[in-house]
Amino acid sequence: MKAIIKFFKRTYQNVMHSIAFYPVLISLLYGIAAVISLKFDSSNLVSQMKDEASYLFIQDYDTVRAM
Numbered sequence: 007m008k009a010i011i012k013f014f015k016r017t018y019q020n021v022m023h024s025i026a027f028y029p030v031l032i033s034l035l036y037g038i039a040a041v042i043s044l045k046f047d048s049s050n051l052v053s054q055m056k057d058e059a060s061y062l063f064i065q066d067y068d069t070v071r072a073m
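Per the working numbering, numbering of the sequence shown is gapless, rising by one per residue and ending at 73.
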């Protein structure tokens, strides 16, 4: 049992001190944020907002491309 705990502690320390840990963590967080925003964009709440307050959303694609 101690060997298993020691293995996981050593693996945890190696991962935490790895040079690639923070870039991977940041990219995972951006990926999760993208999935959440896509789910939110396809929700019923946003559909109702688009119907009731269409002036809040950009309708012209050329304007979006210019931004």
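Don't be surprised by glycine CBs; every beta carbon is placed ideally from N, CA and C.
The alpha helix (DSSP H) runs lying completely inside the region 11 to 73 and spanning 4 residues or more are 27 to 47, 50 to 58, 67 to 72, given in chain order. For Ala72, same chain residues with a beta-carbon under 6 Å away, outside a window of 5 residues either side, do not exist. Here the alpha carbon of Asn20 sits roughly 41 Å from the alpha carbon of Ser49. Phe46 is not a Cβ neighbour of Lys56, given a cutoff of 9 Å.
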